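Input: a single structure, listed below in structure tokens.
The following block contains the structure:
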């Protein structure tokens, strides 16, 4: 060989097989491609070639039926009802024809031409995708448009399902609504089968359970004629799969009772915003959640009119906001639960320790006042909690210090989202030294510790957080994630998923402290701190709160929100409940925003709710306590 | 063609007067097959120019311009003394990485990707050129390891060389091109005689790493594309739509096709990306099974010439370079046409010659030109 003559070895000699293998691979894979090509174009070519040259085959999605939502008693809260939709496929509408078609459509649909043109131009880059012009059009109009099809090129009439919310405003904050998908949402959801003119959950469980409710879209091959009208379905490539349904933990009966009590209290007291929420402390299930003012989610179905939407947005009381979870307020005296539990668990006091109360505590030259400006003499924890003595809890908070106070607050779930399956939950604030240094570059001052001990100062919490903290007290120390949905049901009613109680954590506190505070919460009622609530023929324990906010008036008084959170120990016909036992199956909270009334408005609301809920034969409502007045001083 | 055997007489400079003699060993067949494929690409550009192929800036006129540039590149590359590639391999490598970094820094693209760099108003995708430069660098590396070609360290070294450009392309993000790097590496190692056991071990390692790649490396849209390949209907408006539409276009082409510019599916806009990744679908719809077969045969013929040049060169650089180019063409052919035919997932890998895009054509012209340089100088004394 020449190569050996040249004094080098020929590398290719060892590679004959490799070259052969490579050649074989080339032949094989190209053979596979050619075979597939033959299959598509020749063997199965008739499948497509049989269709006339002018006809066009297209695939289009088949929408799935969105899942329904029921309450815990199986009442349907939302149903799907058929609705006619008019859309335009821009590519099929010749430009010179556009003015005529637009004006005819505007006349038939009774909408301004400008709106149609805007809708078309908004999607100018998506020639092949239908642009929705109007939804929910009457049957006769739909028929006219269909009949005029030949002179309205590109116009399509189709039947879609639209949401109908059976209970409207009663559960709007929980259900939310669906709306047209926006460009931004589409980009985010992109590729998981959302269409340009699709609907997507925008609020409430419609948003948080979007994936569950939506189902899976199918796909069909259709044949169009030259004018773009659908002639027939060639084949269904994939059947759509209906979405699953939700069964809420909420009971509309209880929701109605809660709303009725809240509406009554707000009306009598002249309040603008309020919340009532009801929970089963043993499971974390939300039985009712009412935030007023509310809105009608049916307004959003098929697109809300611009003026309606701006009216909702401009309303100073923000009806679109669910105040039970999306806003945070100073928890006021309801927070004394945290201070009391901390002091007992840390052995700063025992249940029998007596603490001297007085008109005020003075720290750093500032006076921190008792709410009655006199004091209550010597109190143990039961009476301290019962009277809601500020000077009592100032001393406990001072001994605990800010960081230990914060630790117990976190134990009860303050300062973190509860994780409820609703959008836009607020986190709340529990100040610590580190937090304040980070935010204000200042340490916590001793006076701020006192304020934090009675739920003022920086402390803030959502009504749901306060309710959940007391639910944990009522059940003996289990902090559950509040559950809005109880079960996910398949299209045939089969249970797809059962929501088990989900423990956030077990409270790392002395269990005896919780028992003590349950008894103390009963004392709140028995010493008539809540007027006649104790006269209800059932044993209720609870805690009031008066939380100052805003700016002082001419006499140096602050406006306040009022709180009342209660739990009802388990009872039977011949055995009344025992607050010492962790067996409550109902906890309720009322929050009355900016409620300067003579009595505690929230207490009156809860009282009325309990009357309604337990169908009591008494009416202990005290409208006189709801008169505007200056019940100033805190409870 | 009979090989010209030259007895080495002395190590003196290659006489300048013999320069024109080089072209006697120019591989005319290979050039013809490539030219034919380039013309098919122009035909598709013509049909995709929406009725005005001669208008300035149409797909066709741009295609024509790139075609002319590609012929110049091919000729210059053939005239170029390929041995300089060995000398300057490291420089090429550094330039290659710099170009890819530049793409990341300046690049523009669709939907958060940066693949194209604009030069004088023209979009250019450096990662295409990077493939060819990487073939040259790897060939030089394997040549330098020719005594230890069977060693595991040769494979490890080659893999380490490929890793940085591959990673840079992957973060653009361009999964397709990074897969091409992998295929080229595999093909070159196999053809230069790497131990099969190490190659198999490496493949097993990559397979084992797949779950990790799926979870950590792939972007959401890439995962969706792969999933939609497995279940096209799951994403009817996204990549599943492309797959279904592309098959309809191809299927409706039939035996002889609908004729150029008569493709209903593509012309009426049902078929997305007809200029780029799915250009082959237009070809198959309009030229039919017969046209498709001709193009496939042209590709096989081209691959045969490429491999033959490697075989005839009879040195490890030539074999490696030819193997790299052959692997590149074969892989892109299979993945792109497979995608159009619905038997491969949707990846943005262009079909050489057919997919419009200057960078792809220039790169392939560069690669083939360098192969010509190798075959033209095979009888020339080595340095």
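Residue numbers (this note's numbering), protein chains in the order written: chain S, 115 to 749; chain E, 3 to 385. Yeah, the Cβ is synthetic: ideal placement off N, Cα and C, and Gly gets one too. In this text, all values refer to a predicted model and were calculated from it rather than measured experimentally.
Query                                                                                                                                                                                                  : Result
Does the segment 168–188 of chain E come into contact with the segment 85–104 of chain E, if we say contact requires no fewer than three beta-carbon pairs (one atom in each stretch) closer than 8 Å? : yes
From the DSSP output, in three-state form, read off residue 209/E for me.                                                                                                                              : helix
Check each residue of the segment 323–338 of chain E: if its Cβ is closer than 9 Å to any Cβ of chain S, include it; give the result in chain order.                                                   : 325, 328, 329, 332, 335, 336
What separation, rounded to the nearest whole angstrom, lies between the Cα atoms of residue 426/S and residue 434/S?                                                                                  : 7 Å
Are the segment 582–597 of chain S and the segment 545–559 of chain S in contact at 8 Å, needing three or more beta carbon pairs?                                                                      : no
Express the C-alpha separation of residue 424/S and residue 341/E in angstroms, rounding to a whole number.                                                                                            : 49 Å
List, in order along the chain, the chain S residues whose C-beta lies closer than 7 Å to that of residue 42/E?                                                                                        : Going along chain S, no residue has its Cβ under 7 Å from residue 42/E, so there is no contact; the nearest lies around 15 Å.
Spatial neighbours of residue 690/S within its chain, please: C-beta separation below 8 Å, excluding the five flanking residues on both sides.                                                         : 652, 653
In chain order, what residues of the same chain lie with their CB nearer than 7 Å to the CB of residue 47/E, ignoring the 5 residues before and after it?                                              : 61, 62, 65, 358
Just tell me which of 319/E, 256/E, 367/E, 354/E has its CA closest to the CA of residue 190/E.                                                                                                        : 319/E
Mapping DSSP to helix, strand and coil, what is residue 222/E?                                                                                                                                         : helix
What residues of chain S sit near residue 148/E, judged by a beta carbon separation below 8 Å?                                                                                                         : 125
Relative to the C-alpha of residue 741/S, which residue among 287/S, 621/S, 712/S, 283/S is closest?                                                                                                   : 712/S
Go through its chain and collect everything with a Cβ distance to residue 135/E's Cβ below 7 Å, but skip five positions before and after it.                                                           : 94, 98
With which residues is residue 602/S paired in a DSSP beta bridge?                                                                                                                                     : 360/S, 611/S
Would residue 279/S pass as a contact of residue 191/S if the rule is Cβ separation under 8 Å?                                                                                                         : yes
Take the Cβ of residue 259/E as the centre, count every other Cβ of all protein chains shown within 10 Å, and call the residue buried at 16 or more, exposed below.                                    : buried
Closest by CA to residue 494/S, which one among 126/S, 686/S, 458/S?                                                                                                                                   : 458/S
Are the beta-carbon atoms belonging to residue 401/S and residue 368/S less than 8 Å from one another?                                                                                                 : yes
Note down, in chain order, every chain E residue with its Cβ under 7 Å from the Cβ of residue 148/S.                                                                                                   : 295, 298
Please tell me whether residue 681/S has its Cβ less than 8 Å away from any Cβ of chain E.                                                                                                             : no
Work out the CA separation of residue 440/S and residue 693/S for me, nearest whole Å.                                                                                                                 : 31 Å
Please go through the same chain and pick out, in chain order, the residues whose beta-carbon is closer than 6 Å to the beta-carbon of residue 360/E, but skip the five residues on each side of it.   : 68
Apart from the five residues just before and just after residue 270/E, which ones in its own chain have a Cβ nearer than 8 Å to its Cβ?                                                                : The pLDDT assigned to residue 270/E is 48, lower than 50, so where the model puts this residue is not dependable; a value taken from the coordinates is nonetheless given after this. Correct list: empty, nothing qualifies.
Along the beta strand (DSSP E) that carries residue 403/S, what are the first and last residues, could you check?                                                                                      : 399–406
If we define contact as Cβ-Cβ less than 8 Å, is residue 377/E a contact residue for chain S?                                                                                                           : no
In the structure shown, what three-state DSSP assignment does residue 136/S receive?                                                                                                                   : helix
Confirm, please, whether the CB-CB distance from residue 675/S to residue 104/S is below 8 Å.                                                                                                          : Nothing about residue 104/S can be read from this structure; chain S reaches only from 115 to 749.
Just confirm the distance between the C-beta atoms of residue 186/S and residue 361/S, as a whole number of angstroms; I'd bet it's less than 8 Å.                                                     : 6 Å
Residues of chain E with CB under 8 Å from residue 152/S, in chain order?                                                                                                                              : 291
Quick check: residue 75/E and residue 367/E, are their CB atoms within less than 8 Å of each other?                                                                                                    : yes
Mind checking whether residue 508/S and residue 567/S have CB atoms under 8 Å apart?                                                                                                                   : yes
Going by DSSP, what residues sit across from residue 357/E in a beta bridge?                                                                                                                           : Partner(s): none; residue 357/E has no beta bridge.
Would you mind telling me which residues of chain S sit closer than 7 Å to residue 172/E, beta carbon to beta carbon, in chain order?                                                                  : Going along chain S, no residue has its Cβ under 7 Å from residue 172/E, so there is no contact; the nearest lies around 20 Å.
Excluding sequence positions up to five away, which residues of its chain have a Cβ less than 7 Å from the Cβ of residue 348/S?                                                                        : 171, 335, 336, 337
What beta strand (DSSP E) runs, 3 residues minimum, are completely inside the segment 238–326 of chain S?                                                                                              : 245–251, 269–279, 292–294, 313–315
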